[in-house]
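A.B. asks:
2 protein chains.
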Amino acid sequence: MFEAAELGRTLDKETYEAQVAELRTGLLTLQQELSHCDFPVILLISGADGAGKSETVNILHQWMDPRGIQTAAFDEPTDEERERPAFWRFWRALPPKGQIGILFGSWYSDPITQRVENRVDDSGLDLMLKRINIFEKMLVDDGALLIKLWFHLGRDMQVQRIKKLRKNPKTRWQVSERDLAALKSYGRFRTVAERTLGQTSTGEAPWMIIEGFDERYRNTTTATHILEVVRKRIALDPKSLRGAATAWKRLGENDKTILDALDLDRHLEKKAYRKQLADYQGRLSVLARKAREQKVSTIVVFEGWDAAGKGGIIRRITGAMDARSLRVIPVAAPTDEERAQHYLWRFWRHIPRAGRFTIYDRSWYGRVLVERVEGYAAEDEWIRAYREINEFEEELTEHGIVVVKFWVHIDRDEQLLRFKAREETSFKQHKITEEDYRNRERWDDYAHAVNDMVERTSTVFAPWHLIEGNDKRWARVRALKILCERLEKAL
Amino acid sequence: MFEAAELGRTLDKETYEAQVAELRTGLLTLQQELSHCDFPVILLISGADGAGKSETVNILHQWMDPRGIQTAAFDEPTDEERERPAFWRFWRALPPKGQIGILFGSWYSDPITQRVENRVDDSGLDLMLKRINIFEKMLVDDGALLIKLWFHLGRDMQVQRIKKLRKNPKTRWQVSERDLAALKSYGRFRTVAERTLGQTSTGEAPWMIIEGFDERYRNTTTATHILEVVRKRIALDPKSLRGAATAWKRLGENDKTILDALDLDRHLEKKAYRKQLADYQGRLSVLARKAREQKVSTIVVFEGWDAAGKGGIIRRITGAMDARSLRVIPVAAPTDEERAQHYLWRFWRHIPRAGRFTIYDRSWYGRVLVERVEGYAAEDEWIRAYREINEFEEELTEHGIVVVKFWVHIDRDEQLLRFKAREETSFKQHKITEEDYRNRERWDDYAHAVNDMVERTSTVFAPWHLIEGNDKRWARVRALKILCERLEKAL
């Protein structure tokens with residue numbers, strides 16, 4: 000794979016200087032155009048030690064307008080990073096739309112290092128690479144342009160480089176212990192790199208291998224490649240990017256949904272409610288302490304009809320817990336920093352640290368509920384979202400996070416009663432808007448969307464719990480009970 | 000001080016329930032109004048163990064709309080937090096305008112704990128409290144409403160509480176080792192608390208002491224207090240909040256500014272430039288590595304006229320460094336998340352981790368430059384900013400961060416030449432807009448603002464370096480030299 004990058008290609012000074020002026024103009028013009036575009040450019044810089052990765056990043060910063068470019072470098076993860084799923088640190092560093100983000104190190108470093116140091120075997124590596132493929136596909140599906148550059152340096156060139164650096168007292172310091180160690184394991188590194196690139200050079204995000212020995216050749220090749228692919232991407236009609244929507248079986252008007260199976264007559268008498276509520280809250284508070292000690296994090300998701308009583312349930316949960324371990328994230332309109340990112344980005348922001356709880360009052364399921372029904376997301380976007388969400392939740396659970404999802408269900412009549420009641424209670428009036436009445440009219444569409452959502456995203460690792468909500472007391476105790484049981488199983 | 004909070008005040012159930020309904024309505028209405036206001040409410044929850052802090056936070060969450068309230072709790076700092084000045088973690092957690100942020104633990108916990116555990120003496124505590132006064136004043140000056148609640152529990156009540164909890168097997172677990180230890184050092188804690196409250200109960204942010212023994216009394220007192228002060232603050236005419244602007248000595252049309260003292264004829268021949276540039280870049284790269292090893296962070300600030308050549312200098316600096324240790328923050332219009340915070344918030348976001356560099360291309364000095372000249376900041380705001388900025392930079396340097404500030408100076412004729420040249424170079428055209436020409440017309444106003452800025456914010460710990468910029472080569476080498484010297488002194 001790397002043979003073509005061991006030809007010792009160089010570029011003479013004159014040609015180089017002529018090209019640089021043109022490339023710089025090109026890059027700056029490109030950035031201008033890009034700033035009006037609705038997608039980010041994610042540039043991964045990987046490759047062999049000494050192949051000029053750091054130098055290339057510097058040159059790009061030198062040639063481009065710093066206002067549209069940012070670099071993130073990934074060292075050892077911090078403890079805030081270690082306490083979350085592995086990709087959290089990369090989500091933090093993704094560039095917003097219209098900008099170029101250079102990721103130095105990126106999600107390839109750790110898998111490659113682990114394999115080179117024999118901490119995983121080939122199948123372990125393959126599993127990590129598969130996860131990378133999934134992650135990259137998701138970014139690209141959302142419109143991101145992913146440019147993956149691999150800087151290569153043959154072994155002979157490595158030796159030559161180190162010799163040269165050591166000879167000059169001014170550059171000697173640049174040769175570190177790590178360089179010498181890397182040289183020793185060069186063959187091994189090369190094999191692992193080949194496997195990695197082979198498995199992750201996908202149609203949507205192919206690798207570009209760049210010969211790293213000659214600085215001038217490296218700089219112009221890198222810049223030319225970036226220019227070409229970004230230009231091509233800008234020229235593309237945005238609509239042509241949309242994946243063809245898979246055939247989607249639509250439920251008919253009278254088809255039953257999964258919600259029809261719920262027995263909304265279930266209820267609880269006041270006395271029984273009081274007792275059970277106290278019991279479960281007691282259990283929950285003990286479990287929350289245990290979770291904190293064992294550093295097991297929990298994510299609770301609440302979805303449901305307007306006025307279904309999500310807030311009431313959430314308050315019964317938080318009432319049983321230490322406010323210090325807990326964060327409730329009410330999901331409303333995104334901020335502009337959030338709007339400039341992938342739709343999952345704003346949820347990644349709030350992933351809890353080890354041992355804590357995050358409760359999402361509405362969540363990423365907005366994508367396949369309101370965004371689907373109201374047409375805010377295109378068909379291929381929400382169809383794709385089921386898979387993306389499953390992958391996201393799998394990642395959470397594999398990190399050891401307990402994911403508990405509730406749909407709180409009421410029927411149309413009950414909803415109307417509650418709307419009216421809210422309008423009569425002064426401190427609840429703000430909860431009722433015209434939009435709530437509008438949404439009511441699309442009840443069947445929403446019911447179908449809920450049906451599809453449960454069908455496609457109720458997984459072994461993150462199942463949906465449907466709560467009969469017509470009786471508030473029943474709903475609260477039921478949700479508490481389920482939460483306790485899920486935690487007990489996990490702890 | 001605490002005697003008035005040891006009266007054993009209670010509230011009977013009936014009165015309580017009647018009051019609660021009213022308080023809840025009040026709080027919800029208040030939140031609605033607050034959401035349209037241009038200031039945040041910062042609610043600090045402090046006090047004795049067992050005085051119901053956590054319970055109060057839960058009640059507030061239960062009574063209020065979760066969409067306008069957020070709680071941050073402060074445990075042991077994470078390593079990302081430890082690598083920055085002590086207040087960084089609190090800046091991260093400040094609520095945006097129109098919302099209520101509950102800070103649980105807050106900036107009082109650590110000083111009190113340190114003093115109780117005898118890790119500092121009284122004067123050490125006083126120093127920390129003074130810093131808190133400065134920080135709080137800054138928040139309040141910016142319009143924030145700071146409510147500081149101290150929950151008190153007398154010693155007898157403490158004993159009574161623990162006895163009661165231990166008797167019931169269901170609540171026994173709530174008594175921790177920490178509670179018992181706290182009981183032992185109760186007298187000491189009380190003395191330290193009294194000193195702390197005494198020194199930080201300022202006119203702009205007084206403490207409210209709440210007797211914590213009876214849950215009902217505690218809840219209603221807390222809610223009533225919050226209602227009162229927030230209502231009062233909302234009712235205030237925003238203009239009345241403006242501090243009276245101090246008499247400000249304005250420079251006359253023909254007064255010389257500090258910039259006139261610079262010798263803009265200074266220049267460097269090409270050959271000497273090449274040599275010196277290489278030398279200083281070499282020195283800088285060694286110093287940057289050393290800084291990384293010694294975990295000394297550096298903040299470099301660039302201010303200067305449009306087209307003064309800031310970008311060119313920055314690129315010569317970054318060109319000498321490992322892109323992984325460095326972040327360039329180009330300061331443009333704030334995002335909406337930034338606009339909803341104190342003006343320093345968006346700079347705090349980018350404070351480097353240990354051993355790294357952050358280069359701000361324009362900075363917080365915008366407050367006393369463009370915002371002053373163009374009238375974006377009111378007079379009292381920019382006058383206050385000199386002090387706020389000095390305090391901010393002192394905090395940075397006390398954490399061990401090296402703060403290097405450059406003003407790059409050119410004269411009006413040189414600027415015009417450069418504007419014209421830029422218009423003729425295709426890849427620099429985007430740098431010139433009509434606004435640049437508009438700003439040019441206010442040259443004298445800006446010169447006066449620069450003069451005041453240097454006069455008032457060139458401190459021993461963070462002095463200004465004025466760079467003669469008419470000759471680009473001179474300016475680049477000069478800035479590199481100064482940066483190297485500052486780093487050499489610090490490392």
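Protein sequences appear in the order of chains H and U.
With numbering that gives the first Met the number 0 applied, the first sequence covers 0 to 490.
With numbering that gives the first Met the number 0 applied, the second sequence covers 0 to 490.
Note that beta-carbon positions come from the ideal geometry of N, C-alpha and C, so glycine has one too.
(1) Let me see if you follow: with CB-CB separation under 8 Å, is H:Q280 close to chain U or not?
(2) Less than 8 Å separating the beta-carbons of H:Y531 and H:V402?
(3) Which of helix, strand or coil does DSSP assign to H:Y272?
(4) Within 10 angstroms of its Cβ, does H:S506 collect 16 or more other Cβ (buried), or is it exposed?
(5) Counting only runs of 4+ residues fully inside the segment 44 to 110 of chain H, write out the alpha helix (DSSP H) ranges in chain order.
(6) If you measure between the beta carbons of U:V56 and U:L144, is that distance less than 8 Å?
(7) Is H:G7 closer than 8 Å to H:F212 when the C-beta atoms are compared?
(8) State the CB to CB distance for the pair U:L286 and U:L486, rounded to an integer number of angstroms; the pair is presumed to be in contact (CB under 8 Å).
(9) If we count the other Cβ atoms within 10 Å of its Cβ and call it buried at 16 or more, is H:K162 buried or exposed?
(10) In three-state terms, what does DSSP make of H:S284?
(11) Anything in chain H within Cβ reach of U:D335, meaning under 7 Å, just list it in chain order.
(12) Less than 8 Å between the beta carbons of U:A306 and U:E82, yes or no?
(13) Is H:N57 close to chain U, meaning its C-beta is less than 8 Å from at least one C-beta of that chain?
(14) Along the chain, which unbroken stretches of the beta strand (DSSP E) at least 3 residues long are found entirely within the segment 328 to 410 of chain H?
(15) Considering only the beta carbon of each residue, do U:R475 and U:G318 sit closer than 8 Å?
(16) What's the gap between the Cα of U:L415 and the Cα of H:R177?
(17) Any contact of the segment 63 to 78 of chain H with the segment 137 to 152 of chain H, i.e. 3+ C-beta pairs under 8 Å?
(18) Under a CB-based cut-off of 8 Å, is U:F103 close to chain H?
(19) Helix, strand or coil for H:R485, going by three-state DSSP, please let me know.
(20) Whole angstroms is fine: what's the gap from U:R220's alpha carbon to H:K480's?
(21) When the cut-off is 8 Å and only beta carbons count, does U:T458 lie next to chain H?
(22) If we ignore side chains and look at the alpha-carbon of each, how far apart do H:K289 and H:E302 end up?
(23) Would a C-beta distance cut-off of 8 Å place H:W344 and H:L93 closer than the cut-off?
(24) Can you tell me which of the three DSSP states H:F188 falls into?
(25) Just to confirm before moving on: does the CB-CB distance between U:A384 and U:T256 stay below 8 Å?
(26) Are H:C36 and H:R282 close, meaning C-beta to C-beta below 8 Å?
(27) Does any C-beta atom of chain U lie closer than 8 Å to the C-beta of H:A243?
(28) On the premise that H:Q31 lies in contact with H:M63, defined as a C-beta separation below 8 Å, what is that separation, rounded to the nearest angstrom?
(29) Is it right to say U:D451 is buried, meaning 16 or more other beta carbons lie within 10 angstroms of its own, or is it exposed?
(30) Name the residue from H:N438, H:E392, H:R477 whose alpha carbon lies nearest to the alpha carbon of H:P462.
(31) Using the Cα positions of U:V330 and H:W106, report the straight-line distance between them to the nearest angstrom.
(32) Closer than 8 Å is the cut-off here; do at least three beta carbon pairs connect the segment 356 to 371 of chain U with the segment 115 to 122 of chain U?
(33) Is the distance from the Cβ of U:F150 to the Cβ of U:I101 below 8 Å?
(34) Tell me the rounded alpha-carbon separation between H:Q159 and H:H224.
(35) Of the choices U:W381, U:E378, U:R371, U:A478, whose alpha-carbon is the least far from that of U:N438?
(36) How about H:T70: is its C-beta nearer than 8 Å to some C-beta of chain U?
C.D. replies: In terms of the structure at hand:
(1) Numbered from its first residue, the first sequence carries residue 280 of chain H at position 281. By this cut-off, H:Q280 is not an interface position.
(2) Nothing in the structure corresponds to residue 531 of chain H, since chain H is present only between 0 and 490.
(3) The residue given as residue 272 of chain H occupies position 273 in the first sequence. Under the three-state reduction of DSSP, H:Y272 is assigned to helix.
(4) A query on residue 506 of chain H cannot be resolved here, the shown segment of chain H reaching from 0 to 490 and no further.
(5) Counting only runs of at least 4 residues, the segment 44 to 110 of chain H fully encloses the following alpha helix (DSSP H) elements, listed from N- to C-terminal order: 52 to 62, 78 to 81, 87 to 92.
(6) Counting from one through the second sequence, the residue named residue 56 of chain U turns up at place 57. Counting from one through the second sequence, the residue named residue 144 of chain U turns up at place 145. No, Cβ-Cβ distance for U:V56 and U:L144 is not below 8 Å.
(7) To locate residue 212 of chain H, count along the first sequence from 1; it is residue 213. To locate residue 7 of chain H, count along the first sequence from 1; it is residue 8. In contact: H:F212 and H:G7 (Cβ atoms closer than 8 Å).
(8) Taking the first residue of the second sequence as position 1, residue 286 of chain U is located at position 287. Taking the first residue of the second sequence as position 1, residue 486 of chain U is located at position 487. Confirmed, about 4 Å.
(9) The residue given as residue 162 of chain H occupies position 163 in the first sequence. So H:K162 counts as exposed.
(10) Position 285 of the first sequence, counting from 1, holds the residue named residue 284 of chain H. Judged by DSSP in its simplified three-state form, H:S284 adopts helix.
(11) Stepping through the second sequence from its first residue, residue 335 of chain U is reached at position 336. In chain order: T334, D335.
(12) Numbered from its first residue, the second sequence carries residue 306 of chain U at position 307. Numbered from its first residue, the second sequence carries residue 82 of chain U at position 83. Cβ atoms of U:A306 and U:E82: not closer than 8 Å.
(13) Taking the first residue of the first sequence as position 1, residue 57 of chain H is located at position 58. Output row for H:N57: interface = yes.
(14) Listed in chain order, they are 356 to 360, 401 to 408.
(15) The count along the second sequence starts at 1 and reaches residue 475 of chain U at position 476. The count along the second sequence starts at 1 and reaches residue 318 of chain U at position 319. Result no, Cβ atoms of U:R475 and U:G318 do not sit closer than 8 Å.
(16) Position 416 of the second sequence, counted from the first residue, corresponds to residue 415 of chain U. Position 178 of the first sequence, counted from the first residue, corresponds to residue 177 of chain H. So the alpha carbons of these two residues sit roughly 50 Å apart.
(17) With a cut-off of 8 Å, the segment 137 to 152 of chain H and the segment 63 to 78 of chain H do not count as touching, because too few Cβ pairs lie within range.
(18) Residue 103 of chain U sits at position 104 when you count from the first residue of the second sequence. Yes, because at least one Cβ of chain H sits closer than 8 Å to the Cβ of U:F103.
(19) As a first step, residue 485 of chain H must be located in the first sequence, where it is residue number 486. The answer is helix: DSSP assigns H:R485 an H, G or I state.
(20) As a working note, residue 220 of chain U is residue 221 in the second sequence. As a working note, residue 480 of chain H is residue 481 in the first sequence. In the sequence as displayed, the identity of residue 220 of chain U is Thr instead of Arg. U:T220 and H:K480: Cα-Cα distance of roughly 33 Å.
(21) What you label residue 458 of chain U is simply residue 459 of the second sequence in a count that begins at 1. U:T458 is outside the set of residues whose beta carbon lies under 8 Å from a beta carbon in chain H.
(22) Your numbering for residue 289 of chain H matches position 290 in the first sequence. Your numbering for residue 302 of chain H matches position 303 in the first sequence. Straight across, the Cα-Cα distance linking H:K289 with H:E302 is about 26 Å.
(23) For this step, residue 344 of chain H is matched to residue 345 along the first sequence. For this step, residue 93 of chain H is matched to residue 94 along the first sequence. Yes, they are a contact pair.
(24) Here the question's residue 188 of chain H lines up with position 189 in the first sequence. Of the three classes helix, strand and coil, the one that applies to H:F188 here is helix, per DSSP.
(25) Within the second sequence, numbered from 1, the residue matching residue 384 of chain U stands at position 385. Within the second sequence, numbered from 1, the residue matching residue 256 of chain U stands at position 257. Not a contact, by the Cβ cut-off of 8 Å.
(26) Your numbering for residue 36 of chain H matches position 37 in the first sequence. Your numbering for residue 282 of chain H matches position 283 in the first sequence. Not in contact: H:C36 and H:R282 (Cβ atoms no closer than 8 Å).
(27) Stepping through the first sequence from its first residue, residue 243 of chain H is reached at position 244. Bear in mind that a pLDDT of 49 at H:A243, under 50, signals an unreliable position, so the number given afterwards is only what the model happens to contain. No, no contact with chain U.
(28) Numbered from 1 along the first sequence, position 64 holds the residue referred to as residue 63 of chain H. Numbered from 1 along the first sequence, position 32 holds the residue referred to as residue 31 of chain H. Not confirmed; about 11 Å, so no contact.
(29) In the second sequence, the residue the question calls residue 451 of chain U occupies position 452. By the 16-neighbour rule on beta-carbons within 10 angstroms, U:D451 is buried.
(30) As a first step, residue 462 of chain H is located in the first sequence; it is residue number 463 there, counting from the start. For the residues H:N438, H:E392, H:R477, the minimum Cα distance to H:P462 belongs to H:E392.
(31) The residue labelled residue 330 of chain U in the question sits at position 331 within the second sequence. The residue labelled residue 106 of chain H in the question sits at position 107 within the first sequence. Approximately 29 Å, taken between the alpha carbons.
(32) Flag = no, the segment 356 to 371 of chain U and the segment 115 to 122 of chain U do not touch.
(33) Along the second sequence, read from residue 1 onward, the residue named residue 150 of chain U stands at position 151. Along the second sequence, read from residue 1 onward, the residue named residue 101 of chain U stands at position 102. Taking 8 Å as the Cβ cut-off, U:F150 and U:I101 do not qualify as a contacting pair.
(34) The sequence position of residue 159 of chain H within the first sequence is 160, counting from 1. The sequence position of residue 224 of chain H within the first sequence is 225, counting from 1. About 27 Å.
(35) Position 439 of the second sequence, counted from the start, is the residue given in the question as residue 438 of chain U. For the residues U:W381, U:E378, U:R371, U:A478, the minimum Cα distance to U:N438 belongs to U:R371.
(36) Here residue 70 of chain H is taken as the residue at index 71 of the first sequence, counted from 1. True, the Cβ-Cβ gap to chain U drops below 8 Å.
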